[in-house]
Amino acid sequence: MTQPISILLCALGGEGGGVLADWLVDVARHAGHPAQATSIPGVAQRTGATTYYLEVYPLPHSQLQGRLPVLGLNPLPGRLDALVSSELLETARQIGNGLASNDRTLVISASSRALTTAEKMTMGDGRRPEGPLLDVVAAHSLRHHVMDMARLCQESGTLVSAVMLGAIAGSGLLPFTREHYETVLAGPSKAAQASLRGFALAFDLVTRQREQAQYVEHVMKPALAAPSSSAALPADVAAKFPAVLHPLMGLAHQRLVEYQGPAYARLYVQRLERLISAEASSKDDFRPVTAEATRWLALWMAFDDIIRVADLKSRASRWDRVTQEVKAKEGDVLKVYDHFKPGVPELAALLPQGLANKMLRWDRARVANGKAPWSMPLKVARHALWGMASLRFLASLRVLRPLGSRYATEQALIEEWLGGIEAATRLSPALGLELARCGQLIKGYGSTNERGKDNLLHILRHVCGPASKVPVVEQAEAVARIRNAALQDEAGQALDQALLQHGAPARPVKEQPVLWMKNPRLKKV
Numbered sequence: 171m172t173q174p175i176s177i178l179l180c181a182l183g184g185e186g187g188g189v190l191a192d193w194l195v196d197v198a199r200h201a202g203h204p205a206q207a208t209s210i211p212g213v214a215q216r217t218g219a220t221t222y223y224l225e226v227y228p229l230p231h232s233q234l235q236g237r238l239p240v241l242g243l244n245p246l247p248g249r250l251d252a253l254v255s256s257e258l259l260e261t262a263r264q265i266g267n268g269l270a271s272n273d274r275t276l277v278i279s280a281s282s283r284a285l286t287t288a289e290k291m292t293m294g295d296g297r298r299p300e301g302p303l304l305d306v307v308a309a310h311s312l313r314h315h316v317m318d319m320a321r322l323c324q325e326s327g328t329l330v331s332a333v334m335l336g337a338i339a340g341s342g343l344l345p346f347t348r349e350h351y352e353t354v355l356a357g358p359s360k361a362a363q364a365s366l367r368g369f370a371l372a373f374d375l376v377t378r379q380r381e382q383a384q385y386v387e388h389v390m391k392p393a394l395a396a397p398s399s400s401a402a403l404p405a406d407v408a409a410k411f412p413a414v415l416h417p418l419m420g421l422a423h424q425r426l427v428e429y430q431g432p433a434y435a436r437l438y439v440q441r442l443e444r445l446i447s448a449e450a451s452s453k454d455d456f457r458p459v460t461a462e463a464t465r466w467l468a469l470w471m472a473f474d475d476i477i478r479v480a481d482l483k484s485r486a487s488r489w490d491r492v493t494q495e496v497k498a499k500e501g502d503v504l505k506v507y508d509h510f511k512p513g514v515p516e517l518a519a520l521l522p523q524g525l526a527n528k529m530l531r532w533d534r535a536r537v538a539n540g541k542a543p544w545s546m547p548l549k550v551a552r553h554a555l556w557g558m559a560s561l562r563f564l565a566s567l568r569v570l571r572p573l574g575s576r577y578a579t580e581q582a583l584i585e586e587w588l589g590g591i592e593a594a595t596r597l598s599p600a601l602g603l604e605l606a607r608c609g610q611l612i613k614g615y616g617s618t619n620e621r622g623k624d625n626l627l628h629i630l631r632h633v634c635g636p637a638s639k640v641p642v643v644e645q646a647e648a649v650a651r652i653r654n655a656a657l658q659d660e661a662g663q664a665l666d667q668a669l670l671q672h673g674a675p676a677r678p679v680k681e682q683p684v685l686w687m688k689n690p691r692l693k694k695v
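Using my numbering, you'd call the opening residue of the sequence shown number 171 and step up by one each time.
What follows is the structure, encoded as structure tokens:
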């Protein structure tokens with residue numbers, strides 16, 4: 171509280187940067203705080219911007235007992251509390267001057283661009299990509315708010331200076347209330363009313379972003395604290411693996427215990443022991459193949475099914491999260507309805523293989539006859555006793571999960587994948603690492619999950635299997651490129667092209683029923 175709050179404003183010509191600086195000084199004086207602003211002229215329109223430097227003392231005159239603080243005239247590198255800019259490249263340029271720091275600076279920036287002279291001079295497309303600029307903002311700021319200020323200006327009919335003022339007010343950087351800002355902006359003119367509209371839009375947007383960031387931080391605190399402790403990993407297990415793997419393995423072990431029980435978690439450990447044994451000759455103490463497989467194996471083993479979904483939806487932590495999201499207060503009535511639409515595959519997953527196959531054949535026959543796959547829409551009142559009891563009953567069926575067809579199928583596929591990694595690692599550690607990375611193909615649920623498993627098995631069997639026509643020395647690079655292609659598009663066209671380029675066969679075309687539909691516009695004669 172003994173140091174002034176330093177703010178650097180960056181605006182292009184005609185955007186009202188000087189007006190914004192005057193507004194901030196007037197707000198500070200209206201609230202009774204010492205403040206000072208200095209302008210730093212730029213050069214031509216888009217070879218530089220005019221910047222305005224402000225310092226606002228956080229304590230009002232009433233608490234200074236007649237003393238006056240000494241305020242600076244220019245920003246110091248790394249000592250800036252806020253950088254506010256109306257153009258994304260200008261934001262990155264000021265950060266490049268060393269003014270912002272990731273332990274102190276709040277960055278407020280527009281996401282829009284005004285092309286520089288150098289960008290316009292290029293014969294082709296000379297625009298700078300926005301991705302690296304956003305990365306610079308994120309890397310060199312304590313907090314940041316990047317927003318479409320041009321859209322807010324258009325919606326409110328005002329200049330960007332009013333929007334920037336609303337963003338500053340919503341950030342909570344300065345010790346002023348919203349009324350202090352609105353008093354300075356208020357007036358009977360249409361311009362004043364437009365400024366108030368732009369101020370309100372930006373204020374509300376930044377306020378929501380702050381609330382979301384605080385909520386995410388609150389939710390992620392336990393998860394961020396968990397990796398620092400390996401308490402969830404038993405000591406006898408921890409002794410078998412490098413220390414760098416303990417945090418992630420601890421989370422995975424705990425998750426699998428919750429998912430199916432201690433025996434299932436031991437199976438996870440045994441599978442990783444096979445991989446670390448295959449890496450015994452590796453000179454890298456980090457054991458990259460095992461480290462890569464640690465995460466993907468745990469995610470695959472904890473596959474989503476009806477039992478898992480019911481367990482997650484009926485947990486007390488979910489009710490607390492929903493209550494916070496809707497901002498329910500004490501005495502409010504909160505009702506939560508969960509919608510399910512299980513089909514034959516989801517129900518068959520809980521049955522033994524024989525019964526499951528009969529149900530699946532019956533459903534395929536329906537589809538072949540032009541009917542939609544069978545499903546059962548459900549609306550479960552999670553807040554009601556019968557709804558909660560239904561979810562907890564489904565969650566309790568985890569003891570029967572190992573008897574289901576889905577469990578047996580998933581374990582067989584996992585073993586095939588691990589066997590391929592193990593054999594490849596003994597042959598070539600680079601190839602084993604690429605196959606371990608293929609675990610990221612398994613994601614989602616339903617058709618997305620099935621497609622990912624099909625792609626992984628096709629790579630495993632036709633790119634590096636015994637029948638592979640790809641030379642061994644090229645298999646690691648081939649797997650990496652094919653895996654990246656599989657992640658590019660849902661249809662898999664890039665994947666098939668990559669397979670053919672590396673001498674592997676494309677995926678087989680799956681049979682799809684041909685459905686004939688009547689044209690409603692054709693009338694009978």
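Just so it is clear, CB atoms sit at the ideal spot from N, CA and C, and this is done for glycine as well. Just so we're clear, the structure is a prediction, and the values are computed from it rather than from any experiment.
Exposed unless 16 or more other CB atoms sit within 10 angstroms - verdict on residue i
i, result
"Gly186", "buried"
"Val307", "buried"
"Ser487", "exposed"
"Pro174", "buried"
"Ala582", "exposed"
"Ala214", "Only weak support is given to the placement of Ala214: the predicted model assigns it a pLDDT of 44, under 50, and the value that follows is read from those uncertain coordinates. Exposed, by the Cβ-count rule."
"Thr347", "exposed"
"Pro358", "exposed"
"Val376", "buried"
"Gly557", "buried"
"Phe563", "exposed"
For residue i, the residue or residues it bridges with in DSSP
i, result
"Thr221", "Cys180, Ile210"
"Lys549", "His509"
"Ile175", "Val226"
"Val254", "Leu179, Ile278"
"Ala205", "Val226"
Chain-order list of residues whose beta-carbon lies under 6 Å from that of residue i (same chain, five-residue window excluded)
i, result
"Ala332", "Ser365, Gly368, Phe369"
"Asp318", "Ser281"
"Ala463", "Leu445, Ala606"
"Pro204", "Tyr227, Pro239"
"Lys505", "His553"
"Ser255", "Cys180, Thr261, Ser279"
Where residue i sits in the DSSP three-state scheme
i, result
"Leu517", "helix"
"Met317", "strand"
"Val503", "coil"
"Ala472", "coil"
"Ala656", "helix"
"Asn539", "coil"
"Asn619", "helix"
"Met291", "helix"
"Trp686", "coil"
"Thr353", "helix"
"Cys634", "coil"
"Phe346", "coil"
"Leu375", "helix"
"Trp587", "helix"
"Glu428", "helix"
"Phe563", "helix"
"Gly340", "helix"
Close beta carbons around residue i, own chain, < 7 Å, minus the five adjacent residues each side
i, result
"Pro412", "Asp455, Phe456, Arg457"
"Ala396", "Interpretation of Ala396 is limited by its pLDDT of 47, a score under 50 that renders its predicted location unreliable; the figure taken from the coordinates is listed afterwards. Around Ala396: Leu421."
"Arg298", "Leu259, Glu289"
"Gly242", "Glu225"
Cβ shell of residue i (< 8 Å), same chain only, five flanking positions each side left out
i, result
"Ala362", "Leu355, Ala356"
"Arg536", "Ala542, Pro543, Trp544"
"Tyr438", "Ala422, His423, Leu426, Leu467, Ala468, Met471"
"Leu521", "Met529, Gly574, Ser575"
"Ala309", "Asn272"
"His314", "Leu276, Val277, Ile278, Ser279, Val307, Ala308"
Check whether the region 480 to 496 touches the region 539 to 546, counting contact only when three or more Cβ pairs, one atom from each stretch, lie closer than 8 Å. With the cut-off at 8 Å, the region 480 to 496 and the region 539 to 546 do not touch.
Pairing CB atoms from the region 512 to 521 with CB atoms from the region 481 to 491, are three or more of them under 8 Å? no
Contact between the region 259 to 276 and the region 232 to 242: three or more CB pairs below 8 Å? no
With a threshold of 8 Å, are at least 3 pairs of Cβ atoms found where one atom belongs to the region 465 to 481 and the other to the region 416 to 432? yes
On the three-pair Cβ rule with 8 Å, is the region 643 to 654 touching the region 663 to 682? yes
Taking three-plus beta-carbon pairs below 8 Å as touching, is the region 295 to 303 in contact with the region 253 to 263? yes
For the pair the region 591 to 611 and the region 652 to 667, tell me if three or more CB-CB distances fall below 8 Å. yes
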